[in-house]
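Read left to right, the sequence shown gives residues -29 to -1, 1 to 494 (mature numbering (1 follows the signal peptide of the UniProt record, and there is no 0)). Just so you know, even glycine gets a beta-carbon here, dropped at the ideal spot from N, CA and C.
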Amino acid sequence: MKKRNLRKAITLALSAMALWTGSVQTANAQDKKESKWPRGVTYEIFVQSFADSNGDGIGDIKGMTSKLDYLKNLGVEGVWLMPINPSPSYHKYDVTDYYGIHPDYGTMADFKEFVKEAHKRGINVVMDMVINHSSNKHPWFIDAAKNENSPYRDYYVWTHKSDPQTQKEGRPTGADSDNTQHWHKVEGSDYLYYGYFYNGMPDLNFDSPKLRNEIFKIGRFWLQDVGVDGFRLDAARHIFPDERPYDNHRWWEYFRSEMVKAKPDVYLVGEVWAPADIVAPYMKGLPALFNFEMSWAIPKAVNQGRGDSLAIKHANITNFYKSVNPNFIDATILSNHDQNRIMSDLNGDKNKAKIAASILLTLPGSPYLYYGEELGMTGKKPDPNIREPFLWDVASKDKSRTKWMKPEYVTEKTVVPAAAQIKDKNSLYNHYQKLIALRKNSHALTFGDLVPVKVSNLAVSAFTRTSGEESMLVIHNLSGNDITISLPTEVQSFNKIHFATDKSKLNKSTLTLPAFSTVLLKK
């Protein structure tokens, strides 16, 4: 039976290298193509909480379809859907059918219609692909657990109860799990199965050629038969155990090469909860990965009122990534479904939320918004509290509001609904809309390189963004005070205000910045 230990890993790693080499070459040939992946803003949606179309209190696909114009008007060019497959849990990160749609959400016909309507509006569709593990309710696992001769036995990782590694606690890696019990019992069996996250999520066995081919088949189905544009790849770091990082890297190169065959412009973005030195090697196979380091750094800088090191940190991270893959895409976020909401991290301060959004939307890469971020939705862990229902309107008018849970954070007393914010020119929603439009209309902000600029005030984050002949100087004041700075000599040629979020003044090389403001200067 399969064991996740180092001795066997050496042999398996060598055989995997031989198996995968040919496919990886195909993937590398796609770098030039993939450097043109969409750089627009992508909007992450928890379908269950987003919009209800039939009054059952649960968000669904038809509800999402009815809100596509809202997303288009906000300016987003892509959606990332949290899992939509059948699952026994509310979050659906434990899949029981990789080819289906959860019945609470609708039908496959509903989803194909959603994809078609999204594409009509220039919105790409990326779906969560959860392949590190399945549910323990998946038919594969149920059959494998009760029958050692099951055709699906090799889809999972097993070892005998006498194996010493089952007697000790495991070690969680990264910020995506705190579980230390990785081996789990099956009632009436002498064998245990491996589940990194918990016993309800048995890990799939990627040393099995049959399992790997099944995963490719799943990917091809959604790309070719259904028409999605790509996948967000959950738990990308955990496909193989921690002592086999090289096999993890190679697997994603292999996976990418197969998906490119199915859809040449496929979009793949991976989740690796780790610092840059651990993330970087994955970029050979997954040229888009979430920049968690910046998602931690931005709220910290805003809360401290210190922006002086932000651009330098970003440049250091991205220059490191470029050394691995010059065509990588930096998937930037403020928060997601596994983190406290950014508004809560900023203690509910709307001005801080605006400057955080301004920073996100002026950095290089492909920015992601978590649903409701544009409204200032709040929430702190545990997870259900950061996945609460979206507020479309006041309760008496809100036919789309979901009711599957009683919200602890997001109520009309704490969050202004979307309908009211759309009408308020000073709202957080309209701030996001303006910054997204600014980004979309600027080649420098969408594609340009970033070079940090040092100024004398520690509250300021300053950098240039340059693409071709277009160049901008971006200046953020992260403090709650009005400040005046002198532009350094090397950027004094940027002498025209292109955009300002407040009443800023430029007098020759002297710039006055109101509290929590952003200014973009052009030559």
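Query                                                                                                                 : Result
Residues of its chain near R124, where Cβ-Cβ distance is below 6 Å and the 5 sequence neighbours each way are ignored : A115
Coil, strand or helix - I354 by DSSP                                                                                  : For the sequence presented, residue 354 should be read as Asp rather than Ile. Helix, per DSSP.
Nearest-angstrom Cβ-Cβ length linking T13 and V47, presumed shorter than 8 Å                                          : 7 Å
Other residues of its chain near G198: CB distance less than 6 Å, five sequence neighbours each side excluded         : V86
Any 3 or more C-beta pairs closer than 8 Å across the stretch 334 to 349 and the stretch 295 to 311                   : yes
8 Å Cβ cutoff met for I454 and A430                                                                                   : yes
Residue of V387, H285, F299, F418 minimising C-alpha distance to A433                                                 : H285
Minimum length 4: unbroken alpha helix (DSSP H) runs contained in the stretch 9 to 93                                 : 18 to 21, 32 to 37, 39 to 45, 79 to 91
Cutoff 8 Å; reference K476; Cβ partners in own chain excluding five residues on either side                           : L482, T483
Nearest-angstrom beta carbon gap, F291 and A247 [assumed within contact, 8 Å]                                         : 6 Å
Limits of the unbroken alpha helix (DSSP H) element including K476                                                    : It is not in any alpha helix (DSSP H) - K476 instead sits in the beta strand (DSSP E) that spans 476 to 478.
Range of the contiguous alpha helix (DSSP H) that encloses I113                                                       : 110 to 117
Validate contact between the stretch 66 to 78 and the stretch 14 to 32 using beta carbons, cut 8 Å, 3 pairs           : yes
Close-in-space but distant-in-sequence residues of the same chain around L204 (CB under 6 Å, 5 per side omitted)      : M100, G241
Three-state secondary structure assigned by DSSP to V490                                                              : strand
Length of the line joining the Cα atoms of Y167 and P135                                                              : 17 Å
Collapsed DSSP secondary structure at L409 in the structure displayed                                                 : helix
Expected contact under 8 Å - CB spacing of E359 and G350 to nearest Å                                                 : 6 Å
Between the CA atoms of D174 and T385 - distance to the nearest angstrom                                              : 40 Å
Coil, strand or helix - M254 by DSSP                                                                                  : helix
Burial state of P297 (16 or more Cβ within 10 Å)                                                                      : exposed
H131 - containing beta strand (DSSP E), residue span                                                                  : 129 to 131
Beta-bridge partners of I186, as assigned by DSSP                                                                     : Bridge partners of I186: none, in fact.
Cα-Cα separation between A206 and H153, rounded to whole angstroms                                                    : 15 Å
Limits of the unbroken beta strand (DSSP E) element including V157                                                    : Looking at the DSSP string, V157 is not in any beta strand (DSSP E), and its letter there is neither H nor E.
Backbone secondary structure at A302 - three-state DSSP                                                               : strand
Neighbour-count burial assignment, N56, 16 or more Cβ in a 10 Å radius                                                : buried
Reduced DSSP category for R277 - H, G, I as helix; E, B as strand; rest coil                                          : coil
Closest residue to V365 among P353, T382, P180 (Cα-Cα distance)                                                       : T382
DSSP state of R124 mapped onto helix, strand, coil                                                                    : helix
Distance CB(L332)-CB(I407) smaller than 8 Å                                                                           : yes
Residue range of the unbroken beta strand (DSSP E) whose run includes R436                                            : 431 to 438
Beta-ladder partner(s) of G241, from DSSP                                                                             : L204, L260
Proximity of L409 and K321 at Cβ, strictly below 8 Å                                                                  : no
Assigned exposure category for Q1 - 16 Cβ within 10 Å defines buried                                                  : Unreliable placement is indicated for Q1, whose pLDDT of 45 sits below 50; the coordinate value is still reported in the next sentence. With 16 or more Cβ atoms within 10 Å of its Cβ, Q1 is classed as buried.
First through last residue of the alpha helix (DSSP H) which encompasses H104                                         : H104 -> no alpha helix (DSSP H), and no H or E assigned at all.
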